[in-house]
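Following: one structure in structure tokens, then a few remarks.
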Amino acid sequence: MSKNIIKWLIYSICTYLLYLGISKYNLGYSGKLSDLLSFLSIAIGFCITSLSLIATTKFSKNLYSRQSKNSNDKTLLHELVQIFQSANSFFLTTICLIICYLFIENIFEFKKNLICTTYTEEQHIEIKNIFQSCITSFIFISLYKFQKLIQILGKYVIQAAKEQ
76 MSKNIIKWLI
86 YSICTYLLYL
96 GISKYNLGYS
106 GKLSDLLSFL
116 SIAIGFCITS
126 LSLIATTKFS
136 KNLYSRQSKN
146 SNDKTLLHEL
156 VQIFQSANSF
166 FLTTICLIIC
176 YLFIENIFEF
186 KKNLICTTYT
196 EEQHIEIKNI
206 FQSCITSFIF
216 ISLYKFQKLI
226 QILGKYVIQA
236 AKEQ
């Protein structure tokens with residue numbers, strides 16, 4: 076099996092377990108989403124700033140001249156940029172999930188107040204819990220990716236300092 080399939084399988088199992096936990100114990104966000112959005116915005120800013128700092132140093136030229144150990148058609152600079160892009164994609168996906176969740180939550184709150192509604196309270200809770208479990212999974216993945224970015228950036232800074 077490929078690494079990506081295994082990663083998505085693990086992600087799916089974790090999301091399902093989170094869904095069960097959220098459904099059983101009625102765990103919710105209760106206003107914490109703005110804090111998560113703030114963190115993700117800061118993480119995106121960190122990534123963009125870090126990439127721009129790397130791009131303006133002589134060290135990036137050195138990274139571009141070295142071939143990657145993992146792929147013959149990529150340089151170390153390609154690998155570094157790909158890691159940052161992957162992390163940013165997770166951050167942006169998480170932000171989009173949170174925004175969609177807020178819209179869906181508002182729609183169901185509006186529909187709940189109407190007399191004639193086609194949705195029952197159980198469907199509302201299920202959809203809400205599914206979104207919450209997906210968001211929670213993506214937040215954990217985003218935190219992991221953010222921590223890895225800091226590690227990688229630290230290694231590149233040390234390497235750049237050695238070469239100057």
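Under my numbering, the residues of the sequence shown are numbered 76 to 239, in order.
For glycine and all other residues, C-beta sits at the position ideal for the given N, C-alpha and C.
Predicted model, so just to flag it, every value in this text is computed and none were measured.
Reduced DSSP category for residue i - H, G, I as helix; E, B as strand; rest coil
| i | result |
| --- | --- |
| T150 | strand |
| T211 | helix |
| K107 | coil |
Cross-strand partners of residue i (DSSP beta bridge)
| i | result |
| --- | --- |
| Q142 | T150 |
Range covered by the alpha helix (DSSP H) that runs through residue i
| i | result |
| --- | --- |
| S77 | Per DSSP, S77 belongs to no alpha helix (DSSP H) and is neither H nor E. |
| T132 | No alpha helix (DSSP H) holds T132; DSSP gives it neither H nor E. |
Own chain partners of residue i with C-beta closer than 7 Å, once the 5 adjacent residues on each side are dropped
| i | result |
| --- | --- |
| R141 | T150 and L151 |
| I211 | The sequence given here has Thr at residue 211, not Ile. Answer for T211: L93, listed in chain order. |
Close-in-space but distant-in-sequence residues of the same chain around residue i (CB under 6 Å, 5 per side omitted)
| i | result |
| --- | --- |
| K220 | A162 and F165 |
| L138 | L151 and L152 |
| L167 | none |
Close beta carbons around residue i, own chain, < 8 Å, minus the five adjacent residues each side
| i | result |
| --- | --- |
| Q234 | F134 |
| I158 | K223, L224 and I227 |
| Y86 | S212 and I216 |
| Y91 | S208 |
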